[in-house]
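In full-length UniProt numbering, the protein residues as written are 1 to 682. Ideal Cβ positions, reconstructed from N, Cα and C, are used throughout, including at glycine.
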């Protein structure tokens, strides 16, 4: 038998059979969500093909866009590949069951109502993920045949010979089947006609059991739980194949940045995130040059550039540009003079326009995010922008929610997109492949108006910003109990009408008086700036409170029974009630307050579900997942560089032996921190 696996599903929400085809679509367009050894798939061609003995193509055979992750380059290939798909289908039919165009048993034959039923055909290329230090695997092509009438999709692996002709790799054919059993009960199955000959390359084609154990449960789950996403498909505007190639090249090129990262932030996250964003922009800009027939690489300005790594990568790859941020970072000195980074405060106004710049970038640009489309629109008619919104800011300060039907993130993205539309941009949205929960970018590279209408659009922008400011005042009044029932509607309506001529003229310097940029010196309010003596006193007070709240308990350590007082657990509220008013007042001035201070002192405390415990290091288990190289190195460098709190303060001493404890049992065991040495060297 060729049955790989079957899964029974109950459809209580009438999602099937439509949900099944949505699940199949995910597997076609985003195979990497199941098969982690792939980085994506490119939909090369798609259309309808006839099922007939002559194998002729249908009169309305069309290459259509499936809305997948293939991007624009693939979509152009789709429209140009209509004849090629028909030619490919004829070749495939000749190879199936002696030219009759049917899959081998026990696969369900392709049939349907009418004299000449039609099938859906999708040609895709599976893109392998490059393994560090390993050889580059070749992409694999598949032709997927969708028979909606019978509820089957058949995957035909293709091999190209030296003459450019495709042959079906018979041993790796498989079919996904949807069957209605009764009432709400359905089954999803995977069948392979030649299971004994299945060839696994470990990448595009894992072992046959993987289809039944991994892919099948996912398809069954998606079929009945398919939810429409709030966001576009990942990398929908560019070529996934090109992205994969360029990303791996840049990742290899800039991987040394992880080892020399001088900031306190996670180097792996920030380095590879900026590599991914740079990859996206490089491909987007290359495509723009092709569309417009340009040869010179685009210039850019990164507003709120932070660590400046994105500026460094783009500059190294041949794009002239600079980054501006209100605060200088330590890592700036490592880049060299070719990377132009400026420490300056940006206040939206006529003094911060960039008429000779092709692109403005806002990568987590905070309070500048909604202003970037405005600055781009007023800089020049040819200026484009790319923003990756993170923190929620309006023109005048923090963004206030107005729609409870959407998530806050979706609502804010819609607001930033609305700003772009108002500024006369055709705004496009895309999801980036980065290690962040905020990964939706908004791009404005084409205008919706001719250059002659610039003054009209500029007046529209001024009006829009003014409306946001006035309605924000009304929202603020609502929060403090202002009686605005009629007033708010009147004000917003009044604001939407045309402003007097003198009020629409922009100020010569600042577009919104009262705009608050980030402070040059970042205020640290996570309890890290509190006096050490104060922190030590709070830690000792809370620890004594927990230790004295219960009698000593008998615990085992390494098979021997030792009495070590673990203390009692108390809620944060109970702990706070035992602290004096001055201490609480000082803690309230810090973000997170008491809880943050206790979590910062994780050597002594463990805070779980709002309750505070004395940490018992004997119960600490090593992480099951292998730590990244950087974190392993940092752990080794920090070993025995701090005194053990329990050895000094706990009545029973440390629960671990000196050899097992990562902290020093006495000053004679103290080592100088290698991290401090490294910082001094840098």
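Exposure of residue i, with buried meaning 16 or more beta-carbon neighbours within 10 Å
i	result
residue 389	buried
residue 339	buried
residue 381	exposed
residue 417	buried
residue 260	exposed
residue 391	exposed
residue 403	exposed
residue 652	exposed
residue 379	buried
residue 612	buried
residue 35	buried
residue 330	exposed
residue 490	Since pLDDT at residue 490 reaches only 42, below the 50 mark, its modelled position is unreliable, and no value is offered.
residue 23	buried
residue 626	In this predicted model, residue 626 has a pLDDT of only 49, less than 50, meaning its place in the structure is not dependable enough to derive any value.
residue 141	buried
residue 264	exposed
residue 452	exposed
residue 660	exposed
residue 220	buried
residue 408	exposed
residue 244	buried
residue 274	buried
residue 190	buried
residue 609	exposed
residue 433	buried
residue 455	exposed
Best match in the options for proximity to residue i [C-alpha to C-alpha]
i	options	result
residue 438	316, 583, 234	234
residue 8	284, 208, 121, 217	217
residue 308	158, 399, 333	333
residue 657	651, 644, 191	644
residue 278	293, 311, 21	311
residue 598	540, 88, 515	540
residue 445	104, 372, 616, 6	372
residue 538	576, 289, 564	576
residue 573	589, 236, 593, 564	593
residue 257	409, 565, 248, 272	272
residue 6	513, 187, 336, 301	187
residue 135	163, 248, 173, 225	248
residue 193	349, 106, 214	106
residue 436	335, 268, 606	268
residue 182	14, 543, 433, 110	14
residue 587	433, 534, 564	534
residue 364	251, 467, 270, 530	270
residue 238	214, 253, 284, 195	284
residue 313	564, 93, 281	281
Cut-off 6 angstroms between Cβ atoms - residues of its own chain near residue i, not counting five sequence neighbours on either side
i	result
residue 578	545
residue 152	108, 175, 177
residue 137	128, 203
residue 376	360, 383, 385
residue 351	509
residue 663	642, 644
residue 154	103, 145, 175
residue 95	168
residue 20	178, 223
residue 387	362, 369, 372, 442
residue 547	565, 567
Neighbourhood of residue i by C-beta, 7 angstroms cutoff - its chain only, sequence neighbours within 5 removed
i	result
residue 10	184, 185
residue 325	304, 305, 306, 343
residue 320	299
8 angstroms Cβ shell around residue i - same chain, five flanking residues per side excluded
i	result
residue 415	370, 394, 399
residue 429	231, 232, 413, 417, 440, 441, 442, 443
residue 207	198, 200
residue 669	640, 658
residue 301	321, 322, 323, 324, 354, 357, 359, 360, 361
residue 294	288
Whole beta strand (DSSP E) elements within the stretch 354-424, 3-residue minimum: 359-363, 384-388
Taking one C-beta from the stretch 417-436 and one from the stretch 460-470 each time, how about it: are there three or more such pairs within less than 8 angstroms? Judged by Cβ distances under 8 angstroms, the stretch 417-436 makes contact with the stretch 460-470, as three or more pairs qualify.
Would you mind listing the alpha helix (DSSP H) stretches within the stretch 588-614 that are 4+ residues and don't spill past its ends, in chain order? 593-600, all fully within the stretch 588-614.
Quick one: which unbroken alpha helix (DSSP H) runs of 4-plus residues sit fully inside the stretch 210-287? Chain order, please. 216-225, 240-253, 256-259
Taking only runs of the beta strand (DSSP E) that begin and end inside the stretch 281-335, which ones reach a length of at least 3 residues, in chain order? 300-303, 321-325
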